[in-house]
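What follows is a set of notes on a single structure, which appears directly below.
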Amino acid sequence: SASKAVFASQLRHCESLLDGRHVHSLVTEAGLHGDRFLCNLLIQMYNTCGSLVEARSVFDSLAEPNVFSWNLIVTAYAQHGDLQEAAKLLEQCPVQDTVSWNAVLAGYAQKGQVSEALRFFGRAPNRDVISWNALVSANIRSGSLNGAKLVFVRMPQWTTVSCNTLLSAFGQKGELAETWSIFSNMPERSVVSWNALVVANARAGCIDAARQVFDRTPQRTAASWNAMAAAYAANGEAGKAKSLLLQNSVVDQDTAAWTAILSAYGDRGQVEQAKECFDCMIRRDAIAWNGLLSGYSQAGHIAQAKLVFAKMPQRDVVTFTSLLSGYAQQGQGQAAVAEALQQFKGM
RNA sequence: CCUUCCCUGUCCGCG
68 SASKAVFASQ LRHCESLLDG RHVHSLVTEA GLHGDRFLCN LLIQMYNTCG
118 SLVEARSVFD SLAEPNVFSW NLIVTAYAQH GDLQEAAKLL EQCPVQDTVS
168 WNAVLAGYAQ KGQVSEALRF FGRAPNRDVI SWNALVSANI RSGSLNGAKL
218 VFVRMPQWTT VSCNTLLSAF GQKGELAETW SIFSNMPERS VVSWNALVVA
268 NARAGCIDAA RQVFDRTPQR TAASWNAMAA AYAANGEAGK AKSLLLQNSV
318 VDQDTAAWTA ILSAYGDRGQ VEQAKECFDC MIRRDAIAWN GLLSGYSQAG
368 HIAQAKLVFA KMPQRDVVTF TSLLSGYAQQ GQGQAAVAEA LQQFKGM
């Protein structure tokens, strides 16, 4: 019905857990909480909004979960890092397919657990190119580009994603020759390939080459602009980064770029400029907050860093290490650690 | 029509 389509669209575009819960309550009020299609979207929404518990409870409410429901909940646990539970659900799943197995495999890949991934890959009833791609990723995440390459050459076929995976890994290391070689030999490219090439050139300090690649990129996405702006910022060209962003009409998707700029200011100890960037941002996510805190911390402005720490909506392990390294830089030893621990306890 | 693999920004470490 019409309302189903509306709810579906709303669930796909939820930006926060609170949004999602609100739509969930509307679904319930409309008497559609038994609808499997919407429940599947609810599971997905709760997963992407970070509430595994609520995803699970929607799944458990389903009288007859279908293959999508099962795969969504397996994926949710895998992405959350709970591979035990993901594997357990996979085992209980009466309709498991390659997607379910790949979801767990991707969980191992995300953790960089290569031997576990390999074992799981070997146990799978079926494999496809996505399974192979996950193996490549597992090696990359574990830090073994050589391992990734070995898997890559052994796999039965390549897709653009396969090539992009390897391309990006070499690119992030600034290995320009290897990156260009992969890029040149790709039969088909996507915008992801072009973006990875921008990053590769930036990492290698070749800012003009990065810009040339950016200019030649067909169908640029927000990530393209963000990568190019970050390239400028990291190479000491914050002004160019800003003016590039002003030419970009996708003004709501530039959080990454502004974070890169503020971080570049932070690296140079220009904390006021960093704060200015932060204040100008339309959206501020956890990474942006961490970037600001890190700027203060690195510059030795511990008091400001503590203020940010107190103010930010969420804290994670990066938040802690940023603050800790600020204390450490002041060389205050045990007293510093004790005070940092006090901050952590307050959460 | 809903599920699995790739690109952009934050700290530390490793190379």
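Just so we're aligned, residue 68 is where the first sequence starts under the numbering used here, counting upward by one. Every residue, glycine too, gets a C-beta built ideally from N, C-alpha and C.
Sub-8 Å separation of residue i and residue j beta-carbons
i: N301; j: A324; result: Sequence check: residue 301 is Ala here, not Asn. No, Cβ-Cβ distance for A301 and A324 is not below 8 Å.
i: A191; j: W225; result: no
i: A355; j: F345; result: yes
i: V181; j: A154; result: no
i: L99; j: V90; result: no
i: D16; j: T227; result: No statement about residue 16 is possible, as the shown extent of the chain runs from 68 to 414 and does not include it.
i: N268; j: W292; result: no
i: F281; j: V265; result: yes
i: C116; j: S136; result: no
i: V125; j: I110; result: yes
i: S364; j: A377; result: no
i: L390; j: L359; result: no
i: Q340; j: I369; result: no
i: F219; j: S204; result: no
i: M253; j: A277; result: no
i: Q146; j: N114; result: yes
i: G179; j: S209; result: yes
Residue range of the alpha helix (DSSP H) that includes residue i
i: M112; result: R103 to T115
i: A56; result: An answer regarding residue 56 cannot be provided, because it is not within the stretch 68 to 414 covered by the chain.
i: W261; result: V258 to R270
i: S364; result: A353 to Q365
i: K155; result: L150 to Q159
i: S68; result: Taken as a continuous stretch (DSSP letters only), S68 belongs to no alpha helix (DSSP H), as it is neither H nor E.
i: C230; result: T227 to Q239
i: A344; result: Inspection of the sequence shows that residue 344 is occupied by Cys rather than by Ala. V338 to C347 is the extent of the alpha helix (DSSP H) around C344.
i: A122; result: L119 to S128
i: R382; result: Segment: none, R382 is in no alpha helix (DSSP H) and carries neither H nor E.
i: D282; result: I274 to R283
i: V134; result: V134 to H147
i: R221; result: L212 to R221
i: S209; result: Neither: S209 is in no alpha helix (DSSP H) and is coded neither H nor E.
i: E245; result: L243 to N252
Residue from the options whose Cα sits closest to the Cα of residue i
i: A308; options: R186, Y332 and T288; result: Y332
i: L217; options: L233, G306 and T227; result: L233
i: C273; options: L157, Y299 and Q286; result: Y299
i: S83; options: L105, T284 and M112; result: M112
i: N262; options: E242, R283, S118 and E131; result: R283
i: E152; options: T165, N138, D164 and V162; result: N138
i: L156; options: C116, A145, V141 and Q146; result: V141
i: G362; options: Y394, S310 and A130; result: Y394
i: L150; options: G174, G101, G189 and D127; result: G174
i: A289; options: T322, A341, C347 and V134; result: T322
i: P223; options: E245, L329, S364 and I197; result: I197
i: D334; options: Q320, L129 and G367; result: G367
i: G238; options: R278, P254 and A271; result: A271
i: N231; options: S260, V404 and A176; result: S260
Residue i beta carbon near the ligand FMN (any heavy atom closer than 7 Å)
i: F387; result: You won't find the ligand FMN in this model; it holds no ligand whatsoever.
For residue i, the three-state DSSP class (helix, strand or coil)
i: T165; result: helix
i: E96; result: helix
i: A191; result: coil
i: T326; result: helix
i: S83; result: coil
i: R88; result: helix
i: G179; result: coil
i: V317; result: coil
i: R335; result: coil
i: G398; result: coil
i: R350; result: coil
i: Q409; result: helix
i: Q286; result: coil
i: Q224; result: coil
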